[in-house]
Amino acid sequence: MSHYKHTVDFGFDYLAIPEALKWLEQRKSDKPLCLFVGSNWPHVPWPKADDAKDLSAIEIPKNQVETPLTRQMRARYYAAISRMDTELGQVYDLTRKKFGTNAVFLHSSDHGAQWPFGKWNLYDAGIRTPMMVVWPGKISAGTRTEAMVSWVDILPTLVELAGGKVPQKIDGGSFKGVLLGETKVHRDMIFTTHSGDGNHNVYPSRSMRDDRWKYILNLHPEFKFTSHVTEATNDIAYWKSWVEKAKTNRDAARKVRRYQQRPAEELYDLEKDPLEQKNLAKDSVHAEKLAKMRGAVRDWMKEQGDKETVFGSPKYLSRP
Numbered sequence: 010m011s012h013y014k015h016t017v018d019f020g021f022d023y024l025a026i027p028e029a030l031k032w033l034e035q036r037k038s039d040k041p042l043c044l045f046v047g048s049n050w051p052h053v054p055w056p057k058a059d060d061a062k063d064l065s066a067i068e069i070p071k072n073q074v075e076t077p078l079t080r081q082m083r084a085r086y087y088a089a090i091s092r093m094d095t096e097l098g099q100v101y102d103l104t105r106k107k108f109g110t111n112a113v114f115l116h117s118s119d120h121g122a123q124w125p126f127g128k129w130n131l132y133d134a135g136i137r138t139p140m141m142v143v144w145p146g147k148i149s150a151g152t153r154t155e156a157m158v159s160w161v162d163i164l165p166t167l168v169e170l171a172g173g174k175v176p177q178k179i180d181g182g183s184f185k186g187v188l189l190g191e192t193k194v195h196r197d198m199i200f201t202t203h204s205g206d207g208n209h210n211v212y213p214s215r216s217m218r219d220d221r222w223k224y225i226l227n228l229h230p231e232f233k234f235t236s237h238v239t240e241a242t243n244d245i246a247y248w249k250s251w252v253e254k255a256k257t258n259r260d261a262a263r264k265v266r267r268y269q270q271r272p273a274e275e276l277y278d279l280e281k282d283p284l285e286q287k288n289l290a291k292d293s294v295h296a297e298k299l300a301k302m303r304g305a306v307r308d309w310m311k312e313q314g315d316k317e318t319v320f321g322s323p324k325y326l327s328r329p
């Protein structure tokens, strides 16, 4: 099962979870199986929320602008998450029914939520995603790890868990040892990138994260950061309410400006500042940390053959 219209593009066979479940239910083969089932939720468009939901009880993250429309959209976003949970449960229950304990079940998400500073961004809200793994009798139930892993690590992990030989010349590495409780660490750093999505999010950035610090390199700080959020014209266009509030509210103005205007470099102490609100890149106290992380990102870019290509047509804060 794939993402909307891209099913054919990526070679997937079935569209929609009910079809995947139907196929699995009818499968009679006893051959080993690797099955990928993807949910569109909580991708937009978000469903209507329960009318009985108390909007005043919804907690608005501190890096968001609180408006009545924001609360309505948060409720719809949570409704989408509930649908995802339901579909996750359906897939998990059928997997247990078909395979019992003879299966590894892994759930993850490909990026953060479609909110400002989330999806299309290299802040933790955009790159830190859920991952749950169930393997009865092998992985202790109810355990949690702070080990950092990347999506490129999923393939080699699944290969090793299935008894295969992990290819040597790939970027990822198996975190089987973390799952089995043999180690508490996997990566000491993770690199992430963003380039654009058509002409919406033309803002190439690169970042590095370790267990405490985050460094972000914005290749073109002269660009204005825009996204599907800022350009939305449909019924989830809550961004306009942020801009309107920013005209008379200093905090709202700061958040709107910060989302669309960014410096060349950003450095955050995630332990003290998990929402990445205080940029320490110009703080001389952290000059050594900044230089070290900047060098690591540049070295990684060179290793990857990064040409710093600008995809799409950017918008400028002011024309050069």
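Using the working numbering, you'd call the opening residue of the sequence shown number 10 and step up by one each time. Here a beta-carbon is modelled for each residue, glycine too, at the ideal position from N, C-alpha and C. Predicted model only: the values in this text are computed from it and were never measured.
Taking the Cβ atom as the reference point for each residue, do residue i and residue j lie within a distance shorter than 7 Å?
| i | j | result |
| --- | --- | --- |
| serine 216 | asparagine 227 | no |
| glycine 1 | valine 211 | Absent from the structure is residue 1, since the part of the chain shown begins at 10 and ends at 329. |
| glutamate 96 | isoleucine 26 | yes |
| glycine 121 | alanine 112 | no |
| threonine 235 | lysine 106 | no |
| isoleucine 199 | methionine 157 | yes |
| tyrosine 224 | leucine 279 | no |
| threonine 201 | leucine 284 | no |
| valine 74 | phenylalanine 114 | no |
| proline 145 | threonine 104 | no |
| serine 159 | methionine 93 | no |
With which residues is residue i paired in a DSSP beta bridge?
| i | result |
| --- | --- |
| valine 294 | In the DSSP output, where bridge partners are listed per residue, valine 294 has none listed. |
| asparagine 243 | Per DSSP, none; premise fails for asparagine 243. |
| leucine 326 | DSSP output for leucine 326 lists no bridge partner at all. |
| tryptophan 222 | Asp278 |
| valine 142 | Leu115 |
| methionine 217 | Phe200, Tyr224 |
| methionine 157 | Arg196 |
| phenylalanine 232 | Tyr325 |
Compute the Euclidean distance between the alpha carbons of residue i and residue j, then round it to the nearest angstrom.
| i | j | result |
| --- | --- | --- |
| arginine 137 | histidine 203 | 14 Å |
| glycine 330 | tryptophan 248 | Absent from the structure is residue 330, since the part of the chain shown begins at 10 and ends at 329. |
| lysine 82 | alanine 246 | Correcting the residue identity first, residue 82 is methionine in this sequence and not lysine. For methionine 82 and alanine 246, the distance between alpha carbons rounds to 9 Å. |
| alanine 29 | valine 46 | 7 Å |
| glycine 172 | leucine 326 | 53 Å |
| threonine 154 | lysine 256 | 43 Å |
| valine 100 | lysine 178 | 33 Å |
| serine 11 | valine 161 | Here serine 11 scores only 48 on pLDDT, less than 50, and its place in the model should not be relied on; the value that follows carries that caveat. Cα-Cα distance, rounded: 18 Å. |
| aspartate 60 | valine 306 | 47 Å |
| serine 117 | arginine 80 | 26 Å |
| lysine 254 | arginine 218 | 33 Å |
| arginine 293 | arginine 271 | The sequence shown places serine at residue 293, rather than the arginine named in the question. Roughly 19 Å between the two C-alpha positions. |
| valine 319 | glycine 205 | 8 Å |
| aspartate 282 | alanine 273 | 20 Å |
| glutamate 240 | aspartate 119 | 22 Å |
| valine 187 | arginine 266 | 40 Å |
| lysine 91 | histidine 229 | One detail in the question is off: residue 91 reads as serine in this sequence, not lysine. Roughly 38 Å separates the two Cα atoms. |
| leucine 78 | aspartate 63 | 14 Å |
| histidine 209 | arginine 259 | 27 Å |
| serine 250 | lysine 233 | 19 Å |
| tryptophan 129 | glutamine 269 | 12 Å |
| glutamate 231 | phenylalanine 108 | 54 Å |
| lysine 31 | glutamine 123 | 30 Å |
Residue i: buried (16+ other C-beta within 10 angstroms of its C-beta) or exposed?
| i | result |
| --- | --- |
| lysine 311 | exposed |
| glutamate 317 | exposed |
| arginine 36 | exposed |
| glycine 314 | exposed |
| proline 125 | buried |
| alanine 150 | exposed |
| glutamate 1 | In this structure the chain extends from 10 to 329, so residue 1 is not present and cannot be described. |
| glycine 207 | exposed |
| threonine 242 | exposed |
| glycine 304 | exposed |
| valine 194 | exposed |
| serine 65 | exposed |
| lysine 57 | exposed |
| proline 176 | exposed |
| lysine 264 | buried |
| proline 329 | In this predicted model, proline 329 has a pLDDT of only 49, less than 50, meaning its place in the structure is not dependable; the value taken from the coordinates is given anyway. With fewer than 16 other Cβ atoms within 10 Å, it is exposed. |
| threonine 152 | exposed |
| glycine 127 | buried |
query: Just checking, does the region 66-80 make contact with the region 28-42 on the three C-beta pairs under 8 Å criterion?
result: no
Should the region 78-90 be regarded as contacting the region 47-58, the criterion being three or more beta carbon pairs within less than 8 Å? yes
Between the region 274-289 and the region 297-310, can you find at least three pairs of beta-carbon atoms closer than 8 Å? yes
Inset, instruction - Mind the definition here: the region 158-165 touches the region 181-191 only if three or more C-beta pairs lie below 8 Å; say whether that holds. - result: yes
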